[in-house]
Structure formats: structure tokens, C-alpha cells
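Residue numbers (this note's numbering): 662 to 835.
Spelled out as C-alpha cells, the structure:
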């Protein structure tokens, strides 16, 4: 039994190491998206180990984004917590160069859809949750896209307040 726990723990650690390496490489910005070969070399794993954990680099990218989007969704919907939202927005702003690849086409629609999916999953008790998740994701995504592309000039604190007000308006029952 202890052996199973160790194996399970090491599997989870390997998955986290892969995610960590991917995130670091992404933030270092050598390329818009790290290649599988680069991730496995940096993580010190075999190619087969990578594919035991992820279907490919797109799946790894989606999980990485889902973690960020989960925190974003929680801060907007569940926590209503500016203390959590402002640092997330600061992170987005500081990494806006690499983030543009996720926001602009051809990936922009997929990224927005992933955000909507994460919001929907984390808002199980909402009435019309799919519609509201899509509306929140579209609003948040458009605002952040305008912000990181320079069309909107505002500090992260004001962006957080604006996104929270917009989210609250969408969530309000008519």
C-alpha cells in the first residue's frame, strides 16, 4: 500500500514538474510555445512519460492556462477577492508579450472558450451558468485583450474593480 502511495505521489510530482517547466519556458519567452522536446529535456523525463501525462503540447498548454483561469474565476465569482485578483492581473500585465499569442487569433477563440469552460465548472450553483460563464469570459477576455494590447490604459487595481463590477452585473438576477 505504501508503494502505491509513493508511486501516486511521484506521478503527481512528475506532472507538476512538467507543468512547472512548461510555465517557466513560456514565461522566459524564447518561443511562443515551447516544443515537447524542449519540455522533456528540461524536465528530465522520457518522451513516453510526457505522453503518459499529456496528449500533446496543446493539452499541456490548456492545463497550464486552466490553473491561471481557475484562480481568475475564483477571484471573480467565488471569493470576490481583490487581494487575489490584482496580483493575477499584474502577472498578466508583466507577461503580456507572451500572452498576446494566447489572446490574438488564431488561438484567441480557443483561449476564451477555455476560460468560459473553467468559469462554468467553478460556478455549479449559478442559474444559467453556461450562458453566464460565456458572458463573463467574453467580457473579461475582451477587457484583458484590450489592456495588454495597449488599447486600454489603466492600472491593475482599476482593471480588477472594473472586471468585478462587470462580473457582478452579469451574475445579478434580473
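For each residue, glycine too, the CB sits at the ideal point set by N, CA and C.
Any 3 or more C-beta pairs closer than 8 Å across the region 683–703 and the region 715–725: yes
Entirely enclosed alpha helix (DSSP H) segments - the region 768–818, minimum 4 residues: 769–783, 790–809
Do you know offhand how far residue 615's Cα is from residue 678's? Any answer about residue 615 is impossible in this case: the structure gives the chain only from 662 up to 835.
Determine the contact status of residue 821 and residue 746, defining contact as a CB-CB distance below 8 Å. yes
Where does residue 730 sit, in a helix, a strand or coil, going by DSSP? helix
Measuring CB to CB, does residue 806 end up less than 8 Å from residue 780? no
What span of residues does the alpha helix (DSSP H) with residue 607 cover, start to end? The structure shown does not extend to residue 607, since the chain is modelled only from 662 through 835, so no value can be given for it.
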